[in-house]
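Before any comments, here is the structure.
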Amino acid sequence: MATAVALIPLGYLLLRTAQGGPSSWWDTVVTPRTATLASTSLLLAAVVTLACLAIGVAGAWLVTRSDVPGRRLLAVLLALPLAVPSYVAAFTWVSVADLWSADPGTRFEGFTAAAVVLTLYTYPYVYLPVAAALVRVDPGQEEVARSLGRGPWSTLTTVTLPQVRPAIAGGALLASLYVLADFGAVSILRVDTFTRAIFTAFNAGFNRTMALTLATLLVLITLVILWGEGRTRRAGARFSSPRVVRPARALHLGVWRWPALAGLVAVVLAALGVPALSLVRWIGDGTSGSQAWERLGEAAVGSLTAAGAGALLTMALALPVGILAARHPGRLSAALERAAYLAHSLPGVVVGLSLVFFGVTVALPFYQTTWLLALAYATLFLPLGVSAVASAAGQAPPSLEEAAQALGTSPAAVFRRVTLPLTLPGIGAGAALVFLTAMKELPATLLLRPTGTETLATRLWSATAIGRYAEAAPYALVLVALAAIPTWLITRRSGILPAAAADGPAVEVAELEEPEVDLVRDMQP
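In the working numbering, the protein residues as written are 7 to 531.
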């Protein structure tokens with residue numbers, strides 16, 4: 007069911023391109039325009055992904071494994087850029103650049119501008135999973151390496167990072183697919199990528215064949231990226247249930263403490279300070295903001311309702327796929343998991359149009375309802391839910407389920423009373439991440455929202471499209487504030503906040519295991 011939902015856009019693309027015939031598809035592919043779009047899109051995705059890896063991995067290591075000052079606060083602040091929509095970030099950066107530019111004719115736009123903006127608001131996709139993985143890694147192997155004479159850098163590159171390689175690869179995958187699918191930032195910063203060309207062709211209506219062809223190329227590129235990410239997956243033990251958890255001792259940076267702090271603060275100021283400065287200035291400019299404030303409550307309710315329905319439906323679909331991938335690894339489960347990622351790289355306009363077609367031809371009672379919009383969110387963001395569920399299920403020792411089954415409990419009862427409770431943290435984190443991302447989604451929301459329904463994203467886009475920044479500011483401010491709540495919850499639930507006694511001795515966590523033991527005890531007659 008979940009895979010079928012994720013493949014709806016692919017079926018739509020195959021149907022529409024088949025109507026034009028292979029020759030039409032090939033004639034569109036082998037053109038200089040398509041080659042330019044492909045090279046720009048791939049180069050932008052590569053540059054942003056590499057930059058996200060540098061910032062995300064370095065930031066995760068500094069807040070979890072070093073004595074950089076203020077790392078508890080930094081652990082939260084480094085995740086907050088995830089709450090800022092890319093189109094809001096692009097608008098605010100253009101505004102600040104115009105304010106400080108010495109040449110009024112120079113505009114903040116182009117490839118470099120898009121790479122900077124997308125990196126600052128995409129690196130949390132790498133930072134969060136890597137930080138969470140570093141917290142869970144047993145420092146014993148690192149201590150052995152240090153005792154054998156390896157230095158801090160050698161230990162980091164040869165011992166620590168290989169242990170969190172799946173988290174690094176997963177974060178890089180999400181970052182690259184996000185860049186390929188992004189429309190808001192590249193459109194505002196005037197960079198010709200696949201998504202901008204697809205949206206322009208669909209919106210103008212003069213060349214839908216080209217738009218569909220470009221979308222199919224995005225799917226092919228995604229398949230290649232998924233294959234490459236799968237090749238990096240680390241084989242070995244997937245489950246552990248230690249009796250003792252020893253937090254890693256913070257590495258003393260010495261004279262590098264303050265440069266490291268300055269680097270992290272610079273990232274936070276660039277990612278959060280620029281939007282804050284622009285929003286404050288927009289609210290203070292002009293009087294057109296009064297109309298926006300009057301409609302603010304209605305738009306906020308629309309956003310919360312649509313995002314909540316999307317998160318609920320997405321996690322219901324992601325739960326079986328995530329548990330299957332974690333508990334029964336194999337070709338079938340891997341294929342189902344990878345299929346969920348295909349639509350994640352497609353622009354929201356393509357997913358929206360495919361679901362308009364699906365609603366009109368297959369699910370007419372749901373057309374122009376919130377649930378069809380929720381289905382679009384589930385199609386777009388299913389990988390976020392699947393990865394969260396699979397991660398939580400993968401860390402829960404399967405021996406608990408085996409013990410419950412040995413006591414005569416039925417598989418359904420084992421799932422309800424053992425597997426599901428152990429997976430709840432992942433379900434909650436996935437729901438928060440899907441809710442956050444759905445609130446920021448724009449193209450699919452514009453196409454599929456029920457008639458008369460507005461959201462913060464659609465109101466914001468409508469106001470900024472005609473240059474009414476004072477009217478747009480309240481929507482942007484409330485959208486970022488609401489999105490910051492699930493971001494903070496994700497940070498708290500991931501366990502990346504450094505403990506106050508991180509340099510202390512090994513910590514007994516039998517109290518953390520007792521609820522798991524009680525779950526099995528409850529299975530006894």
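Note that the Cβ used here is the ideal one computed from N, Cα and C, for glycine as well. All values reported here derive from a predicted model rather than from experimental measurement.
- Item | Length at least 4, wholly inside the region 395-470: the alpha helix (DSSP H) runs in chain order | 405-412, 417-420, 426-446 and 449-454
- Task: Look at the Cβ atom of A332, then the Cβ atom of G358, and state whether they are nearer than 8 Å.
- Result: no
- Outcome for W159 when other beta-carbon atoms lying within 10 angstroms are tallied against a minimum of 16: exposed
- Message: At the level of alpha carbons, what is the spacing between T70 and R77?
- Response: 8 Å
- Message: My output table needs one value for L83: the three-state DSSP class, helix, strand or coil.
- Response: helix
- Message: Tell me the rounded alpha-carbon separation between A52 and A315.
- Response: 33 Å
- Can you give me the start and stop residues for the alpha helix (DSSP H) that Q25 sits inside? I14 to G26
- Rounded to a whole number of angstroms, what is the C-alpha to C-alpha distance between P168 and G354? 35 Å
- P449 versus F189: straight-line alpha-carbon distance, rounded: 8 Å
- Item | Residue closest to A476, alpha-carbon to alpha-carbon, out of F97, A317 and V11 | F97
- Query: For P154, which of helix, strand or coil comes out of DSSP?
  - Reply: Residue 154 is actually Leu in this sequence, not Pro. Reduced to three states, the DSSP call for L154 is coil.
- Item | Beta-bridge partners of L257, as assigned by DSSP | S72
- Message: Taking a contact to mean a Cβ-Cβ separation below 8 Å, would you say A276 touches L50 in this structure?
- Response: no
- Task: Measuring alpha carbon to alpha carbon, tell me which of L56, Y184 and T34 ends up nearest Y347.
- Result: Y184
- Query: Considering V143, what are the terminal residues of the alpha helix (DSSP H) in which it resides?
  - Reply: It is not in any alpha helix (DSSP H) - V143 carries neither H nor E in the DSSP assignment.
- Message: DSSP three-state label for F205, please.
- Response: helix
- Message: With a threshold of 8 Å on Cβ separation, who are the neighbours of A24 within its own chain once the five nearest residues in sequence on each side are excluded?
- Response: none
- Helix, strand or coil: which one does DSSP assign to H350? helix
- Query: Anyone know if the C-beta pair for A187 and V132 falls short of 8 Å?
  - Reply: no
- With a CB to CB cut of under 6 Å and the five nearest residues on each side skipped, what residues in its chain are close to A478? L466, A469 and T470
- Would A489 be called buried (16 or more neighbouring beta carbons within 10 Å of its own) or exposed? buried
- Spatial neighbours of W262 in its chain, beta-carbon cut-off 8 Å, leaving aside the 5 residues before and after: none
- Task: Check each candidate in R474, R39 and A313 and name the one with the smallest Cα separation from L386.
- Result: A313
- Item | Selected residue, minimal CA-CA separation from A399, among A380, I433 and W377 | I433
- Item | Distance, Q411 Cα to V420 Cα | 7 Å
- For the putative contact between A66 and V136, defined by C-beta atoms under 8 Å, what is the C-beta separation to the nearest angstrom? 4 Å
- For A41, count neighbouring C-beta atoms within 10 Å of its own C-beta (all shown protein chains included) and say buried if the count is 16 or more, exposed if not. exposed
- In the region 268-292, which residue ranges form an unbroken alpha helix (DSSP H) of at least 4 residues, counting only runs that do not cross its ends? 280-290
- Query: Between the region 435-454 and the region 365-382, are three or more C-beta pairs nearer than 8 Å?
  - Reply: yes
- Where does I14 land, buried or exposed, given buried means 16+ other C-beta within 10 angstroms? buried
- Thinking C-beta only, is G308 closer than 8 Å to T556? Nothing about residue 556 can be read from this structure; the chain reaches only from 7 to 531.
- Message: So, with DSSP's three-state summary, where would you put S339?
- Response: helix
- Query: Taking contact to mean at least 3 C-beta pairs separated by less than 8 Å, is the region 137-147 in contact with the region 197-205?
  - Reply: no
- Query: Residues in its own chain within less than 6 Å of L83 by CB, not counting five upstream and five downstream?
  - Reply: V274
- Would you mind reading off the limits of the alpha helix (DSSP H) that contains T98? S92 to W106
- Message: Since L259 and D73 should fall inside the 8 Å C-beta cutoff, what is the C-beta to C-beta distance between them, to a whole number of angstroms?
- Response: 6 Å
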